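Residue numbers (the working numbering): 154 to 275.
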């Protein structure tokens, strides 16, 4: 069962609450309670798990999207996703998974994100 709400800070370090809209066995969809239907901010958390005993990787995805309308009503969407791929192997520890996530999140400083958004590899 997915959480009914969660709170994360936006780029200005202001806490934003996301509330569960829908869920199924693999995906939970949330919406920022302060956003509108014409300019929604949504989060989608999904999992693709291999059957027990199967080889391969489990995949977990966290995605945030903001859609805005321009002056003529054309929709434009900004999106950012993190996909975590974890092999089904005893050699993979929680600490190694956490390292991979922390390397990624710590790399994404404000300056690096601005460069990436401009198409520059920092």
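Ideal placement from N, C-alpha and C gives every residue a C-beta, glycine not left out.
All of these numbers come straight from a predicted model, not from anything done at the bench.
Around the Cβ of residue 174, a 10 Å sphere holds fewer than 16 other Cβ atoms; the residue is exposed. Looking from the CA of residue 206, the closest CA among 240, 156 and 258 belongs to 240. Under the criterion of beta carbons closer than 8 Å, residue 215 and residue 232 do not qualify as touching, at roughly 11 Å. Looking from the CA of residue 213, the closest CA among 263, 181 and 266 belongs to 181. Within the model, the alpha-carbon separation for residue 227 versus residue 243 is close to 49 Å. Burial of residue 185 is indicated by the presence of at least 16 other C-beta atoms within 10 angstroms of its C-beta.
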